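Note sheet for the following structure.
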Amino acid sequence: MHGVLSSEVTVSVPAREAWNLYGTLTLSDVVIPEFFSAIDVLKGDGEVGTVLKLFFNPGALFYAFEETIVTIDEKKMIKETDASKGGYLDMGFNLYRIRYDVIPKSKYSCITRVTIEYDIKEGWISNAQYVSLVPFIGFLRNGSNYLIANTKHTASG
1 MHGVLSSEVT VSVPAREAWN LYGTLTLSDV VIPEFFSAID VLKGDGEVGT VLKLFFNPGA
61 LFYAFEETIV TIDEKKMIKE TDASKGGYLD MGFNLYRIRY DVIPKSKYSC ITRVTIEYDI
121 KEGWISNAQY VSLVPFIGFL RNGSNYLIAN TKHTASG
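Okay, so the sequence shown: first residue is 1 according to the UniProt record's numbering, each after it adds one.
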């Protein structure tokens with residue numbers, strides 16, 4: 001079974017400023033500690049092939065999983081990560097991909113979008129209920145707040 005979920009937030013900063021957050025490892029610093037107890041870089045420096053281990057706060061669906069950055073497109077401002085060990089893969093998923101897009105809207109505003117794409121094995125389909133945009137909507141909101149507080153050129157100033 002294949003599925004896709006997506007959500008977006010309009011941010012009052014230039015797209016390139018937002019990309020400087022979403023296209024780098026800096027996003028990890030912004031979303032900790034609300035969503036994760038820690039994020040370790042196991043390999044790489046934020047480019048394609050970088051492997052991260054995400055440790056969740058107590059009460060989460062699982063303790064930790066690893067993800068690998070599989071796409072970074074500077075021109076289109078797209079970054080994709082795939083679950084590469086543990087977590088959703090242990091729950092019967094063949095694919096669990098997170099995609100961040102930064103889409104210019106005007107000179108001083110943009111849209112940040114997160115998309116989850118997944119594929120789950122037959123016999124495990126009931127686990128699709130655990131795919132949720134809720135934490136990622138939080139990432140987008142935290143990112144928006146961070147960008148507005150730390151960017152000189154915003155739609156309001």
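Quick reminder that beta carbons are idealized off the backbone N, C-alpha and C, glycines included.
If you're wondering where the values come from, they're calculated on a predicted model, not measured in any experiment.
Query	Result
Touch test, the segment 53–66 against the segment 78–88, Cβ-Cβ under 8 Å, three pairs minimum	yes
For residue 94 and residue 124, the rounded distance between their alpha carbons	10 Å
Rounded straight-line distance, which links the Cα of residue 143 to that of residue 71	20 Å
Residue 26, enclosing beta strand (DSSP E) - first and last residue	Taken as a continuous stretch (DSSP letters only), residue 26 belongs to no beta strand (DSSP E), being part of the alpha helix (DSSP H) at 26–31.
Own chain residues within Cβ distance below 6 Å of residue 77, not counting five before or after	19, 102
DSSP three-state assignment for residue 135, whether helix, strand or coil	helix
Inter-residue spacing [alpha-carbon to alpha-carbon] between residue 113 and residue 25	17 Å
Expected contact under 8 Å - CB spacing of residue 30 and residue 21 to nearest Å	7 Å
Alpha carbon of residue 49 to alpha carbon of residue 82, nearest angstrom	10 Å
Inside the segment 45–86 only - beta strand (DSSP E) runs reaching at least 3 residues	51–56, 64–73, 78–86
Host alpha helix (DSSP H) of residue 128 (start-end)	Neither: residue 128 is in no alpha helix (DSSP H) and is coded neither H nor E.
Contact belief for residue 54 with residue 39 at Cβ below 8 Å, rounded distance in angstroms	5 Å
8 Å Cβ cutoff met for residue 2 and residue 73	no
DSSP-derived helix/strand/coil call for residue 143	helix
For residue 108, three-class secondary structure by DSSP	coil
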